[in-house]
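If you're matching them up, the sequences are chains A and B in order. Heads up: the first sequence at position 244 corresponds to 244 in full-length UniProt numbering, and the numbers run straight through without jumps. Heads up: the second sequence at position 24 corresponds to 24 in full-length UniProt numbering, and the numbers run straight through without jumps. A virtual CB, placed ideally from N, CA and C, is assigned to each residue, including glycine.
Protein chains: 2
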Amino acid sequence: MDEAAQSGRRGRASVRAARIQDVAKLAEVSTATVSRALATPERVSAEARARVMEAIAKTGYVPNPAARTLRSQKTYMVLVVLPDLANTFFSKILRGIEETLFEAGYGMIIGDLDGSPEKEAHFAAYTAAGRVDGAILLHGHLFGQSRGGEGAPDRIGIPLVALCEAIPGADIPQIEIDNRAAASRMTRHLASLGHRSIAYVSGPAGNILELERFLGYRDGLEAAGLSFDPALVIPGDYTIESGVAAGQNLVARASRPTAVFCTSDEMAIGLMRTLFSAGLKVPDDISVAGFDDIEFAAVAEPALTTIHQPRRELGQAAATALVALLQGRPTPKRIRLDTELVIRDSVAALCPMS
Amino acid sequence: MDEAAQSGRRGRASVRAARIQDVAKLAEVSTATVSRALATPERVSAEARARVMEAIAKTGYVPNPAARTLRSQKTYMVLVVLPDLANTFFSKILRGIEETLFEAGYGMIIGDLDGSPEKEAHFAAYTAAGRVDGAILLHGHLFGQSRGGEGAPDRIGIPLVALCEAIPGADIPQIEIDNRAAASRMTRHLASLGHRSIAYVSGPAGNILELERFLGYRDGLEAAGLSFDPALVIPGDYTIESGVAAGQNLVARASRPTAVFCTSDEMAIGLMRTLFSAGLKVPDDISVAGFDDIEFAAVAEPALTTIHQPRRELGQAAATALVALLQGRPTPKRIRLDTELVIRDSVAALCPMS
DNA sequence: AAGCTTTATGTAATCGATTACATGCAACTT
DNA sequence: AAGTTGCATGTAATCGATTACATAAAGCTT
């Protein structure tokens with residue numbers, strides 16, 4: 001049952017990878033010296049180092065990660081857990097994470113929950129099994145424990161960082177934007193254009209982001225001297241489909257709000273779709289605002305007024321914090337990056353006549 | 001320099017993970033029996049197995065992947081290399097891959113080239129270092145060798161599968177759609193609606209997908225009795241931005257085609273954006289077709305006529321093929337999945353008057 | 001010059017699993 | 001009853017690195 005023979009590849013790529021022993025023999029030093037030449041070059045004489053490097057180049061030696069991990073108990077791998085990879089909001093965040101981790105010598109494993117929380121257990125096992133040195137969590141809670149609960153100990157035992165969705169009660173660094181302030185800002189922007197009836201399309205119930213943004217929406221209403229009307233809150237879950245559904249909800253109403261604040265661009269785009277199909281015009285008949293500033297926001301028709309999140313920077317900040325933790329350095333418990341109100345064409349001043 | 005003490009976590013999560021020895025001791029068997037109870041249960045007596053299982057449950061034992069890999073030379077990890085994670089086209093493919101790999105007991109590492117081919121070397125090192133058992137390549141060529149070149153041996157030495165972008169001359173399974181036929185189909189569809197001047201927004205030069213689709217475009221023209229006009233080919237690279245640029249190109253022209261076939265939905269959406277900004281109406285003034293059928297295609301304004309690719313199924317098929325390879329089973333060299341022409345609102349019949 | 005430090009290197013234990021080989025015992029054959 | 005076969009299990013080698021400890025040589029101190 002020789003694999004190489006069986007697959008008919010013998011003699012091709014089946015040359016065994018070089019081991020540290022091969023390098024040591026070629027350089028006429030011990031394996032310890034080879035290892036040191038790579039990890040702590042200053043502790044090896046210049047000539048020995050040169051011979052080792054030459055031997056490495058000649059053999060094409062690459063340290064075996066499994067052996068290295070087994071001995072040093074370090075995987076140089078980080079797990080990134082996110083709720084939905086298909087959500088374009090995350091891709092640029094991942095970029096930021098990946099590039100920062102890469103520079104620090106870490107690889108990245110992506111754990112896509114794909115909307116099914118059961119999968120979380122699967123990825124929690126990754127950490128438990130020691131497959132990764134640390135994890136960045138974008139999905140709003142810790143492994144194992146369903147939710148907060150007075151200082152429950154994190155049974156994971158590896159450094160964690162929460163990104164975007166702050167985890168209440170967890171004693172780990174949190175990297176986020178000020179969702180509440182941003183939502184308030186957008187609500188006030190709409191109000192400042194004369195809108196007095198501003199609907200709100202929410203995120204998933206119980207979601208921390210949603211909580212914050214909802215509070216911001218209410219803050220904004222209050223600051224503008226508008227009263228809160230529960231009938232203007234339409235449930236959503238950040239997906240295009242829920243935006244479409246919210247649009248249908250809106251279209252079916254006898255009296256409609258003049259502006260709609262969707263807490264994700266996906267929902268805003270889905271919602272606009274429904275409005276168009278119903279013959280309504282944006283922003284003439286109704287203004288629509290989004291949140292996130294994904295790539296498609298700028299090219300939507302009409303171009304979407306939204307809140308810009310520094311996605312790449314968020315990823316970088318989270319990765320930087322995690323690497324600090326992994327290297328035993330301290331890191332701030334809470335990092336907040338600034339958002340920006342991006343004014344495009346989907347929101348217009350309310351015509352006094354309507 | 002005790003890490004646990006330093007980070008102040010001692011006594012919390014710093015309980016050492018259970019090893020196979022701990023389980024063996026508790027179950028009063030040897031480590032070999034524990035290992036066998038997990039890998040080949042039928043070779044262990046029922047009672048021993050029961051004791052082992054109980055001990056595993058009690059200790060929460062999870063085999064150390066590094067140790068397992070070191071000994072068995074299997075990582076149970078697969079690398080997926082793709083050109084651009086931010087391209088929404090890939091996310092559902094990844095889903096299909098991930099779910100299939102997961103069922104087969106494999107994990108997935110994502111290698112995002114992020115538009116910079118240099119990164120390929122980085123991920124090639126993953127395979128060389130034995131971090132993964134196999135790889136799925138979505139970026140159109142093999143590692144190391146820049147391009148084809150008469151039967152160059154794959155120096156990687158691990159099973160590979162090409163997905164979406166067939167790799168010419170490579171002796172590995174290819175999973176794809178019939179890009180040529182699909183492009184031809186769309187071109188004929190446009191022609192059948194009376195369009196005689198059909199522009200083509202291309203993918204990146206040299207890209208295999210692009211090659212195929214371009215051939216399909218020409219097939220379609222020919223089938224419709226239309227002659228090919230090089231002036232109607234506008235360069236693109238599948239991104240929104242290049243679609244925007246293609247739109248500007250179009251707008252600037254004195255005489256415009258009546259239909260534009262964009263070889264990605266992203267480009268189609270970007271292009272429509274530019275047309276709107278220039279005061280043109282889709283599909284009244286000009287018809288626009290896409291390719292891929294990403295999520296946003298259905299909610300674009302107007303909804304995009306495009307080619308639907310079975311993305312999840314493509315991912316599943318690729319993963320299935322790779323797993324077969326990894327397990328020494330044969331797998332077909334070429335798998336082609338069907339596409340579908342999705343007719344929405346961005347393409348209209350040409351008004352004879354114009 | 002004896003003793004101490006520093007520097008460079010080698011030897012071998014170690015990480016935690018898998019698995020080839022050995023062993024003991026029961027069941028079966030003739 | 002002796003020999004054969006097969007099953008369940010244990011012993012120990014092995015994967016390929018890192019690193020604690022040992023050692024040797026060179027440089028310093030007084």
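{"query": "Enumerate in chain order the residues of its own chain whose CB-to-CB distance from residue 407 of chain A is below 6 Å, with the five nearest sequence positions on each side excluded.", "result": "The question about residue 407 of chain A has no answer, for chain A in this structure spans 1 to 354."}
{"query": "Taking C-beta pairs closer than 7 Å, name the residues in chain B that Arg273 of chain A reaches, listed in chain order.", "result": "Val299, Glu301"}
{"query": "Alpha carbon to alpha carbon, what distance is there between Glu266 of chain B and Ala252 of chain B?", "result": "21 Å"}
{"query": "When we look at the beta-carbon of Glu98 of chain B and count the other beta-carbons within 10 Å, is it buried (16 or more) or exposed?", "result": "buried"}
{"query": "Work out the CA separation of Ala135 of chain B and Glu295 of chain A for me, nearest whole Å.", "result": "29 Å"}
{"query": "Cα separation between Ser91 of chain A and Lys25 of chain B?", "result": "47 Å"}
{"query": "How long is the line joining the alpha carbons of Ala18 of chain A and Gly111 of chain B, rounded to whole angstroms?", "result": "24 Å"}
{"query": "Could you spell out where the alpha helix (DSSP H) holding Leu94 of chain A opens and where it closes?", "result": "89 to 103"}
{"query": "Between Thr33 of chain B and chain A, is there a C-beta pair that is closer than 9 Å?", "result": "no"}
{"query": "Which value, in whole angstroms, describes the spacing of the CA atoms of His195 of chain B and Ser264 of chain B?", "result": "20 Å"}
{"query": "Quick one: what does DSSP say Ala129 of chain A is sitting in, helix, strand or coil?", "result": "coil"}
{"query": "Looking at the structure shown, is His308 of chain A part of a helix, part of a strand, or coil, going by DSSP?", "result": "strand"}
{"query": "Are there three or more Cβ pairs, one per stretch, closer than 8 Å when the region 103 to 122 of chain B is compared with the region 40 to 57 of chain B?", "result": "no"}
{"query": "Listing by chain order, which chain A residues have their CB less than 8 Å from the CB of Phe296 of chain B?", "result": "Ile240, Ile269, Phe296"}
{"query": "Flag Met108 of chain A as yes if its beta-carbon sits less than 9 Å from any beta-carbon of chain B, otherwise no.", "result": "yes"}
{"query": "Pull the bridge partners of Glu110 of chain A from the DSSP assignment, please.", "result": "A small correction: the amino acid at residue 110 of chain A is Ile; Glu does not occupy that position in the sequence shown. Its beta-bridge partners are A:Val80."}
{"query": "Check the Cβ of Asp112 of chain B against every Cβ in chain A and list those closer than 8 Å, keeping chain order.", "result": "Leu94, Arg95, Glu98"}
{"query": "Check Ser287 of chain B in the structure and name its three-state DSSP category.", "result": "strand"}
{"query": "Taking the alpha-carbon positions, what's the Leu280 of chain A to Arg336 of chain B distance?", "result": "42 Å"}
{"query": "Counting only C-beta atoms, is Phe102 of chain A closer than 9 Å to chain B at any point?", "result": "yes"}
{"query": "Evaluate the contact criterion for the region 173 to 182 of chain A versus the region 204 to 221 of chain A: three or more CB pairs, one atom per stretch, below 8 Å.", "result": "yes"}
{"query": "Ordered along the chain, which non-local residues of its own chain (more than five positions away) have a Cβ less than 8 Å from that of Val244 of chain A?", "result": "Gly270, Leu271, Arg273, Thr274"}
{"query": "Around the Cβ of Asp2 of chain A, are there at least 16 other Cβ atoms within 10 angstroms (buried) or fewer (exposed)?", "result": "Note that Asp2 of chain A has pLDDT 33, beneath the 50 cutoff, so the model's placement of it is unreliable and no number is given."}
{"query": "How would you list, in chain order, the residues of chain B whose beta-carbon sits under 8 Å from the beta-carbon of Asn64 of chain A?", "result": "Leu70, Ala129, Gly130"}
{"query": "For a contact meaning CB atoms closer than 8 Å, what does Ala86 of chain B contact in chain A?", "result": "Thr88, Ser91, Lys92, Arg95, Glu295"}
{"query": "Quick one: what's got a C-beta closer than 6 Å to Gly203 of chain B's C-beta in the same chain, skipping five residues either side?", "result": "Leu209, Glu210, Tyr238, Thr263"}
{"query": "Do Ala37 of chain B and Val44 of chain B count as a contact pair if the criterion is CB distance below 9 Å?", "result": "yes"}
{"query": "Please report how far the alpha carbon of Pro168 of chain A lies from the alpha carbon of Ala321 of chain A, in whole angstroms.", "result": "18 Å"}
{"query": "Would you mind working out which of B:Glu165, B:Ser30, B:Tyr217, B:Val201 sits nearest His189 of chain B, comparing C-alpha positions?", "result": "B:Tyr217"}
{"query": "Which residues, in chain order, does the region 301 to 332 of chain A contribute to contact with chain B at a C-beta distance below 7 Å?", "result": "Glu301, Gly328"}
{"query": "Would you identify the three-state DSSP class for Ala135 of chain B, choosing helix, strand or coil?", "result": "strand"}
{"query": "Name the DSSP bridge partner or partners of Ala199 of chain A?", "result": "A:Val260"}
{"query": "Tell me which residue opens and which closes the alpha helix (DSSP H) that Glu47 of chain A is part of.", "result": "46 to 59"}
{"query": "Can you give me the C-alpha to C-alpha distance between Pro159 of chain A and Leu325 of chain A, rounded to a whole angstrom?", "result": "6 Å"}
{"query": "Around the C-beta of Asp338 of chain A, are 16 or more other C-beta atoms found within 10 angstroms, so that it is buried, or is it exposed?", "result": "exposed"}
{"query": "With distances taken Cα to Cα, identify the nearest neighbour of Cys351 of chain A among A:Asp292, A:Tyr76, A:Asp285, A:Val299.", "result": "A:Asp285"}
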